[in-house]
Amino acid sequence: MDTLSYKTLTPSAKSVEKEWVVIDATDQVLGRLCAKVAKILRGKYKPSYSPNMECGDNVIIINADKVVLTGKKMTDREYLSYTGYPGGQRVATPEVLMKKSFNKHLHPGMHPLYIKVMKGMLPKNRLGRRLIENMHVYNGPSHPHEAQNPKVIDINKLK
11 MDTLSYKTLT PSAKSVEKEW VVIDATDQVL GRLCAKVAKI LRGKYKPSYS
61 PNMECGDNVI IINADKVVLT GKKMTDREYL SYTGYPGGQR VATPEVLMKK
111 SFNKHLHPGM HPLYIKVMKG MLPKNRLGRR LIENMHVYNG PSHPHEAQNP
161 KVIDINKLK
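Note that the sequence shown ends on residue 169 in the numbering used here; no numbers are left out.
Okay, structure coming up:
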């Protein structure tokens with residue numbers, strides 16, 4: 011048997027086929043939803059997955075304001091951030107971040123709560139910063155990405 015007949019194929023940036031996916035967040039638990047979205051962003055549901063490449067899909071999350079947190083996490087959980095200045099530690103709850111998402115000065119598709127949660131589930135390097143840009147989150151049922159012909163998937167069917 012020729013030992014060179016078995017080649018491990020690694021995907022290249024040109025061979026990766028990226029799709030657009032729409033996920034409805036109505037009555038979904040935030041952490042469980044974001045864990046599945048992180049897998050889609052990384053490309054772990056694809057057979058051509060490579061941990062060092064951006065081989066995942068683009069994700070559009072609609073109805074983001076209808077997401078659920080179990081227990082009293084909406085008011086009791088605290089997310090810390092630091093400005094870099096003395097006394098610059100800031101505390102925000104998911105309730106505050108959810109209200110912040112309705113501000114008109116934020117870029118469309120950028121939801122502070124989802125970004126905070128997803129950054130913890132993606133790699134903490136250049137790849138993770140590129141992957142978070144492939145997620146677009148909208149509070150209502152409409153989104154401006156109809157030209158990409160996204161396919162709607164049921165998040166409950168994924169493992």
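Positions of the beta carbon are idealized from the N, C-alpha and C atoms, including for glycine. Since the model is a prediction, treat every value here as computed from it, not as a measurement.
Span of the alpha helix (DSSP H) around residue i
i    : result
I50  : L40 to R52
I33  : That residue, I33, is in no alpha helix (DSSP H); its beta strand (DSSP E) goes W30 to D34.
V127 : P122 to K129
G138 : R136 to L141
Residue i vs residue j beta-carbon contact at 8 Å
i    : j    : result
I50  : Y148 : no
L8   : V101 : With the chain represented from 11 up to 169, any question about residue 8 goes unanswered, as that position is not in the structure.
V69  : L43  : no
M145 : L123 : no
V32  : P118 : no
D34  : N62  : no
P104 : K82  : no
Beta-ladder partner(s) of residue i, from DSSP
i    : result
A102 : Y89
H146 : I70
V162 : V32
V78  : V39
Residue range of the unbroken beta strand (DSSP E) whose run includes residue i
i   : result
I71 : N68 to I72
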